[in-house]
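Counting from 720, one number per residue, gives the positions in the sequence shown under the numbering used here.
Glycine included, C-beta positions come from ideal geometry on N, C-alpha and C.
Source: prediction; values computed, not measured.
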Amino acid sequence: MSAYKHKDGYYRKAKKEGYRTRAVYKLKQLDDKFHIFEEGDKVIDLGAAPGGWSQYAVERVGEGNVIAIDLEHIAEIAGVTCYRGDLTEDETVKRIIAETGHTDIVLSDMAPKFSGNHHLDQARSAYLAYCALEFCMKALNRGGTLVVKILQGEDFNDYLSDLKKRFKDVRCSSPEASRASSSEMYVVAKGFIKQHKD
Ligand SMILES: C[S@@+](CC[C@H](N)C(=O)[O-])C[C@H]1O[C@@H](n2cnc3c(N)ncnc32)[C@H](O)[C@@H]1O
């Protein structure tokens, strides 16, 4: 564990409150601002490990309504169904949708392994954000919501334009819990309007 993490207030708060990551406060701040969840909504959390966002989502929507997927193993979370798989692969997407069906909310905090080269990292982050959008095209209910992370950079505006073609209301936010040094941005897109792809 790095000394940096120990100094971080959100990290300590997460430890104290029983959350697996400080990232949970980013989702909470987005939820406070944009009112993302309703009790009983179904939620699919893409890139969910170690599980902070899923822990928060299950508190908001209730047990049995959250599905979490990641490349990495996710340790059991009460009320959450966990899968392991690569969401850039069609087979994974098909398997998840076949097993879980359509959803009201898609969350994607997916992030690539960072190389330190901003252009490369930004392009990889945009690719994962597009995979989340593709997932919505196949699995999100009409009127549904996508919350997605993307690094700011050359692909950012194109991505926003693509989201605006498919959602009625698209807002960007950099939650206070994001590190000041980070170029990450979260987009909350509500009112899904596109027909499903098979
Ligand atoms: C910042 S972490 C997510 C943290 C999570 N929101 C939480 O609160 O615990 C990003 C995650 O994206 C996952 N990821 C990256 N690429 C992926 C892919 N192609 N398929 C599935 N998961 C992926 C990583 O394995 C990593 O666990």
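What residue from the options has the CA that sits closest to residue i's CA?
{"i": "I796", "options": "S834, I788, G781, S773", "result": "S773"}
{"i": "K868", "options": "S893, F886, S880", "result": "S893"}
{"i": "I788", "options": "Q748, I815, Q871", "result": "I815"}
{"i": "G770", "options": "C891, S897, H792", "result": "H792"}
{"i": "A768", "options": "G781, Y802, L746", "result": "Y802"}
Ignore the nearest five residues each way along the sequence and tell me which others in residue i's own chain have a CB closer than 6 Å to its CB.
{"i": "L865", "result": "V825, C855, A908"}
Please determine whether the Cβ atom of residue i lies at a distance below 7 Å from any heavy atom of ligand 3.
{"i": "G771", "result": "Ligand 3 is not part of the structure shown, which contains ligand 1 as its ligands."}
Is residue i near ligand 1, judged by its Cβ being under 7 Å from some heavy atom?
{"i": "R731", "result": "no"}
{"i": "L839", "result": "no"}
{"i": "L790", "result": "yes"}
{"i": "A896", "result": "no"}
{"i": "T800", "result": "no"}
{"i": "R739", "result": "yes"}
Report yes if the CB atom of residue i is closer than 8 Å to the CB atom of residue j, and no otherwise.
{"i": "A845", "j": "D874", "result": "yes"}
{"i": "I786", "j": "T819", "result": "yes"}
{"i": "P831", "j": "L852", "result": "no"}
Note down, in chain order, each residue of its chain lying with its Cβ closer than 7 Å to the Cβ of residue i, except the 5 sequence neighbours on either side.
{"i": "V812", "result": "L806, F854, K857"}
{"i": "V743", "result": "A733, G771, W772, Q774, Y775"}
Tell me residue i's beta-bridge partners as DSSP assigns them.
{"i": "M904", "result": "I869"}
For residue i, which residues in the same chain have their Cβ closer than 8 Å to its Cβ, ignoring the five residues on either side in sequence?
{"i": "A722", "result": "Reliability of the predicted coordinates at A722 is poor, the pLDDT of 42 falling under 50, and the value obtained from them is presented with this limitation in mind. Excluding residues within five positions, none has a Cβ falling inside 8 Å."}
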